[in-house]
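Residue numbers (the working numbering): 14 to 1288. In this text, a Cβ means the ideal position worked out from N, Cα and C, and glycines have one as well. Written below as structure tokens is the structure these notes are about.
Take a look at the structure:
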């Protein structure tokens, strides 16, 4: 058996430019990128079980030294391909390596170690030649060699005493002690020193510190420098000893600790913990600040040889390239001027629009319309009419060729021909009163909003206005349209719709028929109370934005209404969104235009940064923005003047490696159900009891067997067989598919402390596994701790596994659920928009490698994929999965193969706040600090749309939450105080149908739903939730009997007797159940809630018929297994009524418990058969355990080891014997997840990064010898 690492991502801790290649250190691996196109050329494992901290290329660039922690290794650069090759074994040193340098003129290297020691190493033999200590005895926070000649090695060491100590091994030694005295100190910092850099030709030394400052020193040598071998003047040891330094600048610009700096010929570059890269001039002025990394620090920086690009990498796992020339040019070429409109003294501009980047149109309070050409500095009066003096509403068409102006008298004028002599194309009286607003629906269709909420749609034809339709807005304080779009939906665009937004944040959808608009749908105050500012349509997706700082995405339903897919908050502080620009090729690079405090900003959603900002005073003013090529213009009215800002928009950022999360990942789990080429479920059982998935065969029927895996939701097989900079809290495989070459493509869901949930793909490209982040769900307000995945109950015409539900929970007692569709967006070709705006995209940083590759797909493949996914037949019942293969073939389809829809959310601490009678609810108001530690989902049989989410909470309570997918509602239906300790893990187990006594052959059988919880007290508790499941199904059955009698009854329906009256039936069932629960709990001595939750059982009224007492969870038993907290919990069915429970805890132990379940009585009884395990399998906390097969256990720990154990059973105990172990590059391992088939097992490890292993199944009785020997640990 062998572990093979297929992919690893984590904090990028080292960067270096080598010719036209970029070397990046990610964990123990080196990734080689091509700088020109961003492609991955090579991945190489260099420091197994270590972390790469730095690269030091030789001057000839034929060799590279890679070091990290206490290890060093040399690499050869192959001259033909430029690929790297390990030159020999790694060198282990007794202390931390802070810096390494090639000694010029010798076949040696010098190393700076953590206790202020300089070591010289022979690079041929890798033997230590000498070791010199400094008399300054302390631990270093940094070390950097300033000179590396054979007779002059100088080290700048940053000490814990807030000083930089300069010393050289060549300085006279202290007699008999092999120690050197420091000859110079740099002082002034108020914190420890994190890095030092030196540039001899400029004579500068720069130091960065914990005190958030950057200090720049001028170095002055007392004597002329000598020329060394024609390489230029350089100081000798005596020059360094006699040198003097003078502080030039103390720079403050970072908001957190500063990690590193680079001295360039014209500027200074610094990076810090605040995820920013600052560019400084040597005069002490900040030139530019790059912001793009998310979450944690920027850890490393490097500069290309031409000093044109700055490369940064950080804790968000991304690598970004920044253009220095573009940044400096943007600063120089951004200028603001005031237009000389030659107005009268009492005349002032009222509104302004941009016809192009050079031509500005202004209307004044005297009714004068002025056209100003900035390139020619010419002014032209287009109109001067007193009818437009006191009030004028001006609107610009999407093509920027037509302008419509309305006044108080209801007059509408449309001007055109601005390239020649401007003229009035249309003039008409459109209403008897004020024209409140004008909106262009396309270049020939216009909407006007008049008095009393009157809305009229006009068509411009041959110089006349033709009325298309009229509508009326509902009554409100500000009854006029603030944004509008004309939509077409249905077969052959037969249905025409009008979507309007008003000033109170509400959206109205009208269906236009017979020149009349009928209101069919309303989204009340979906953008708060301050107004809708933008509405647009792209394909079958509709976007809206407002002054609440969010934009929302909608999708057409089959009934001709819009469904909200999700809402997205752009960034903190950007509360005023005015316009969205969505590119035609896809919604990945949405640009948001709005106001941030007193600034106008353009924000890139893809790059997660501001593309530009212009001081303007805020949003309450007339403004316009236009971009063309490398030039953009922003015009606004301020202080009775028209101000124009010209901005250079050259590309400043290129994304080399995509980000995952901005903080730590907490968990990683596979969620898959495997299908063969015929679309049927494989005959083998899957291994996990997180929840029971509802699996459907090719005929749409439920499989009759128990599926014991809820961590892999789907693995799709065809007919031929992109993260977050902190730990990942939870990562689950949403789906595993295969591309056209038979290679796996995994859909993964991850969550992190950065409050995001990422939907990503792991796929192969050029024989290298890549990660593509498809979507980031940003609806959580605090850390996301856990995920649960199950099949969706939504009925579609596609494959049964293409829809998944993802439940996410975490801090602030918040639970969210979204529905994920695999295989691409089901674009409806009949949905067309008539208001396609000109995408004025800034050409900044869109060179994302995965997107570029997407665009390079052939037209044949693209049309095939789009035809199949968008309009063609999906996977039919026979299992033709070519659609899936095309949709996920290495991301080459233009559409993202993963789309999602936000369904609903729940705040436990807001339950009683919203309730009219909170004392009637079975759950008390949760502490706002309560966290959801773990989730599992129970899919109720016979009710596809009903799910019970079992939540393990930090306040010691197990909560059962009912989710209705059809109604998109969630509510807490039952709770129970488990212990006084935080519950860390929860899993669900379905005990199969077992005939009982005389019930054999009578069709009556019992199925038990059991939940296992693990807490910080080291106990595993079994809970019987069968009553809750029965009650929910009974209530739903009553609802169906009342409203839908055609559906088949499920398993639980056998126990429900129908009545002639639905109301009497509900009373009888509820009273009988309440009495039963009361008697059961009375015998056990438990308190029962006196009041129960009232619910309506009528069909179609939400969470119907749910009637659960406050304490109905039956506690079967509790077993003490660990001395402290349990971090991992796994249960597996073995045979008949016997199960294996695996746990791993803070006490470093793995416990294996064999239990048997007795369901012959009304109460599930648990019997402990055997106890065993291993008391010290790892050297740190065990954070993940699972069963590979009936005999072998996989475990993971914070000690970064993956271990496989063989279970050895005796008469009364179960032991564990180590088979093999593998070291992982992921530190602080939080969880593992496995995908198991007949030959291969995939293991996903999450923590401070993410790593995917393939475990080749072989003879498990022997220790594997095929993997890297340094990574294998045997007993």
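Taking 8 Å as the upper bound for CB-CB distance, residue 367 and residue 78 are not in contact here, some 55 Å apart. Comparing alpha carbon positions, the residue from 175, 31, 174, 157 closest to residue 167 is 157.
Between residue 1038 and residue 1170, the C-beta spacing is not below 8 Å.
Judged by beta-carbon spacing, residue 787 lies within the 8 Å limit of residue 774, meaning their Cβ atoms are closer than that value. The C-beta separation of residue 1172 from residue 1021 comes to about 5 Å, placing the pair in contact by the 8 Å criterion. Under the three-state reduction of DSSP output, residue 994 falls in the coil class, being neither helix nor strand. Distance from the CA of residue 399 to the CA of residue 464, rounded to the nearest whole angstrom, comes to 22 Å. Looking only at 138, 179, 161, the smallest Cα-Cα distance to residue 153 is reached by 179.
In summary, residue 260 is exposed, with fewer than 16 beta-carbon neighbours lying within 10 Å of its beta-carbon over all protein chains present. Per DSSP, the continuous beta strand (DSSP E) segment holding residue 21 begins and ends at 15–22. By the Cβ test, the segment 1235–1251 is not in contact with the segment 1173–1185, since fewer than three Cβ pairs between them sit closer than 8 Å. In this structure residue 1147 is exposed. Its beta-carbon is surrounded by fewer than 16 other beta-carbon atoms within 10 angstroms. According to the DSSP secondary-structure assignment, residue 374 is paired through a beta bridge with 366, 384.
Looking at the DSSP output, residue 536 shares a beta bridge with 520. DSSP lists 88 as the beta-bridge partner residues of residue 99. DSSP places residue 109 in no alpha helix (DSSP H); its state is neither H nor E.
The C-beta distance from residue 549 to residue 593 rounds to 6 Å, short enough to fall under 8 Å. With respect to the 8 Å criterion, residue 80 and residue 66 are classified as neighbours on the basis of their beta carbons.
A straight line joining the alpha-carbon of residue 38 with that of residue 1026 spans about 40 Å. Contact check for residue 1247 against residue 1256 passes: the beta carbons are separated by less than 8 Å. Exclusion of the five residues before and after residue 1150 leaves 1004, 1007, 1169, 1170, 1171, 1172 as the residues of its chain whose Cβ lies within less than 8 Å of its Cβ. Annotated three-state conformation of residue 494 is strand, per DSSP. With contact defined as three or more Cβ pairs closer than 8 Å, the segment 245–259 and the segment 295–302 are not in contact. Boundaries of the alpha helix (DSSP H) around residue 252: 250–254. Here the alpha carbon of residue 1232 sits roughly 12 Å from the alpha carbon of residue 1208. In the DSSP assignment, residue 1219 falls within the beta strand (DSSP E) that extends over 1214–1222. Cα atoms of residue 915 and residue 330: separation of roughly 26 Å, rounded to the nearest angstrom. When the alpha-carbon of residue 973 is set against those of 993, 1001, 546, the nearest one is in 1001.
By a beta-carbon distance limit of 8 Å, residue 271 does not contact residue 198. Their separation comes to about 20 Å.
For residue 1265, the enclosing beta strand (DSSP E) covers residues 1253–1269. By the Cβ rule, the segment 311–327 does not count as touching the segment 635–652, because fewer than three pairs are nearer than 8 Å.
The three-state secondary structure of residue 815, taken from DSSP, is coil. The alpha-carbon of residue 967 is positioned some 10 Å away from that of residue 824. DSSP places residue 950 within a strand segment (E or B) once states are collapsed to three.
For the pair residue 356 and residue 385, the CB atoms are not nearer than the 8 Å cut-off. Between the alpha carbons of residue 354 and residue 453 lies a gap of roughly 27 Å.
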